[in-house]
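One structure is given here, and the rest of the page talks about it.
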Amino acid sequence: MKVVRRRGWEVPEAQATPEALFWDRRRLLTAGGLAAVAAPSLSVPALAQRRGQPAVALAPIGPAQTGDQVVHPFPRAERFAEAGRAVTAEEVATTYNNFYEFGSHKQISRAAQRLTTQPWQVRLDGMVETPMTLDAADLERRLPREERVYRFRCVEAWAMTVPFSGYPLAALVALAKPLSSAKYVRMETFQRPEEAPGQRQFWYPWPYIEGLTIEEATNELAFIATGAYGKSIVKQMGAPLRLVTPWKYGFKSIKSIVRFTFTDQRPKTFWEVSGPSEYGFWANVNPEVPHPRWSQASERLLGNDERVPTQVYNGYGEWVAGLYRGLPASERLFM
Ligand code: MTE
Numbered sequence: 002m003k004v005v006r007r008r009g010w011e012v013p014e015a016q017a018t019p020e021a022l023f024w025d026r027r028r029l030l031t032a033g034g035l036a037a038v039a040a041p042s043l044s045v046p047a048l049a050q051r052r053g054q055p056a057v058a059l060a061p062i063g064p065a066q067t068g069d070q071v072v073h074p075f076p077r078a079e080r081f082a083e084a085g086r087a088v089t090a091e092e093v094a095t096t097y098n099n100f101y102e103f104g105s106h107k108q109i110s111r112a113a114q115r116l117t118t119q120p121w122q123v124r125l126d127g128m129v130e131t132p133m134t135l136d137a138a139d140l141e142r143r144l145p146r147e148e149r150v151y152r153f154r155c156v157e158a159w160a161m162t163v164p165f166s167g168y169p170l171a172a173l174v175a176l177a178k179p180l181s182s183a184k185y186v187r188m189e190t191f192q193r194p195e196e197a198p199g200q201r202q203f204w205y206p207w208p209y210i211e212g213l214t215i216e217e218a219t220n221e222l223a224f225i226a227t228g229a230y231g232k233s234i235v236k237q238m239g240a241p242l243r244l245v246t247p248w249k250y251g252f253k254s255i256k257s258i259v260r261f262t263f264t265d266q267r268p269k270t271f272w273e274v275s276g277p278s279e280y281g282f283w284a285n286v287n288p289e290v291p292h293p294r295w296s297q298a299s300e301r302l303l304g305n306d307e308r309v310p311t312q313v314y315n316g317y318g319e320w321v322a323g324l325y326r327g328l329p330a331s332e333r334l335f336m
């Protein structure tokens with residue numbers, strides 16, 4: 002997804018959404034579930050139950066075993082046991098990757114092995130009761146773990162199906178205890194140009210940043226993957242922890258996260274900054290909204306190159322459509 006830098010006058014008028022319209026918070030707050038963000042106290046289980054989702058349970062905090070890895074595979078969640086498509090071969094999913102820190106092409110799997118993933122500290126900060134820094138494996142041990150088979154759709158119109166294992170992002174949010182004033186979660190990747198040659202390409206806005214609203218982050222689908230294919234996740238897929246939001250284009254699924262910051266400001270994301278006329282904050286899969294340079298009506302399945310129709314929200318509408326019901330039509334340009 003290289004960015005073609007268009008000059009201002011080349012942006013079609015329809016894409017030049019005024020910022021005020023784009024981010025009309027009042028309208029958002031009237032949009033069903035998002036109203037819950039304004040509640041005086043933010044209880045993640047309460048939010049989940051209101052939406053008819055199972056509440057997340059935090060495991061009791063056991064004795065610290067810093068450095069030990071958590072052993073995969075995790076039990077497969079029945080409701081995500083299959084994704085209506087054949088699982089993509091592991092060899093394919095681990096050799097065709099986007100990880101710009103290691104190069105702006107797909108064959109970065111060898112280069113990514115330079116990333117040091119142990120020790121790995123994760124910071125939870127911003128608008129939270131108490132900021133904390135945790136070892137990634139300790140964090141994982143505290144949270145409910147499972148395996149989920151998810152469809153994954155890249156904005157470049159290729160797709161795969163992967164058994165990811167990890168924990169619900171909602172569980173991490175519950176552990177962080179955000180204040181009721183927090184509206185977004187901003188996520189940040191490591192910044193180590195000595196290990197990641199792509200980060201020496203100064204024209205990209207490193208480090209890689211992504212963001213979700215609190216409502217999105219506590220949706221049942223939002224998942225932190227620490228494993229794939231029954232093992233710890235490999236470096237090229239975002240070890241030791243990466244986001245998976247299967248209803249959004251793949252670029253939202255930020256890899257190798259070091260920091261979760263709770264904030265009342267919408268985060269400026271890596272691709273939004275790099276190519277604002279092509280990539281937006283919402284990035285919900287939508288076959289009816291073409292990318293400025295290609296159609297999103299169909300996608301190519303990695304492995305057999307079969308072309309299949311793309312589904313709105315990548316077929317996960319029953320979980321997430323309610324989150325966006327009140328968005329003005331103009332924002333659909335960025336879905
Ligand atoms: N996260 C970081 N830190 N850097 C990246 O370049 N690329 C994104 C996303 N997460 C990216 C990232 C994009 S564009 C996609 S499509 C997915 O990772 C690809 O995930 P995969 O390589 O596991 O298929």
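The opening position of the sequence shown corresponds to residue 2 in our numbering, with each subsequent residue numbered one higher.
All C-beta atoms, glycine included, are put in the ideal place defined by N, C-alpha and C.
*Beta-carbon gap between tyrosine 280 and glutamate 289 smaller than 7 Å*: No, Cβ-Cβ distance for tyrosine 280 and glutamate 289 is not below 7 Å.
*Would you mind listing the alpha helix (DSSP H) stretches within the stretch 127-209 that are 4+ residues and don't spill past its ends, in chain order?*
If you keep only unbroken alpha helix (DSSP H) runs of at least 4 residues inside the stretch 127-209, you get 137-143 and 170-177.
*Whole-angstrom distance between tyrosine 250 and valine 156, CA atom to CA atom*: Looking at the two C-alpha atoms, the distance is approximately 5 Å.
*Quick check: the stretch 193-200 against the stretch 214-224, are there 3 or more CB pairs under 8 Å?*
Contact between the stretch 193-200 and the stretch 214-224 is absent, because fewer than three Cβ pairs lie under 8 Å.
*Would you be able to state if there are at least three C-beta pairs under 8 Å between the stretch 124-133 and the stretch 239-255?*
No, because fewer than three Cβ pairs between the stretch 239-255 and the stretch 124-133 fall closer than 8 Å, the two stretches do not touch.
*Run the proximity test for isoleucine 109: is its beta-carbon closer than 6 Å to any non-hydrogen atom belonging to the ligand MTE?*
Checking the 6 Å criterion, the Cβ of isoleucine 109 is out of range of every heavy atom belonging to the ligand MTE.
*What three-state label does DSSP hand isoleucine 215 in the structure shown?*
In this structure, isoleucine 215 counts as helix in the three-state DSSP scheme.
*Whose CA, out of Val321, Glu332, Val72 and Glu102, lies closest to the CA of phenylalanine 203?*
The residue with the shortest Cα to Cα distance from phenylalanine 203 is Glu102.
*For the stretch 258-270 and the stretch 167-180, state whether three or more C-beta atom pairs, one from each stretch, are separated by less than 8 Å.*
The stretch 258-270, when compared against the stretch 167-180, does touch it at the 8 Å Cβ threshold.
_Looking only at its chain, what residues have a beta carbon closer than 8 Å to the beta carbon of threonine 246, apart from the 5 residues adjacent to it on each side?_
Cβ-Cβ distances below 8 Å link threonine 246 to Leu213, Glu217, Leu222, Ala223, Phe224, Lys253 and Ser254 in the same chain, with the five nearest sequence neighbours on each side left out; the list follows chain order.
*Cβ of arginine 243 within 7 Å of Cβ of lysine 256?*
Going by C-beta atoms, arginine 243 is nearer than 7 Å to lysine 256.
*I think alanine 160 touches glutamate 300, with their Cβ atoms under 8 Å apart; what is that distance to the nearest whole Å?*
With a Cβ gap of about 4 Å, alanine 160 and glutamate 300 count as contacting.
*Minimum C-alpha distance to alanine 78 - residue among Thr227, Thr311, Gly167 and Trp207*: Closest in alpha carbon position to alanine 78, among Thr227, Thr311, Gly167 and Trp207, is Gly167.
*Does the Cβ-Cβ distance between alanine 1 and arginine 152 come in under 7 Å?*
Because the chain here runs from 2 to 336, residue 1 falls outside it and cannot be looked at.
*glycine 127, buried or exposed, once every other Cβ within 10 Å from all chains shown has been counted against 16*: Classification of glycine 127: buried, given that the 10 Å Cβ count is 16 or more.
*Cβ-Cβ distance between alanine 113 and valine 123 below 7 Å*: By the CB criterion at 7 Å, alanine 113 and valine 123 fall outside the cutoff.
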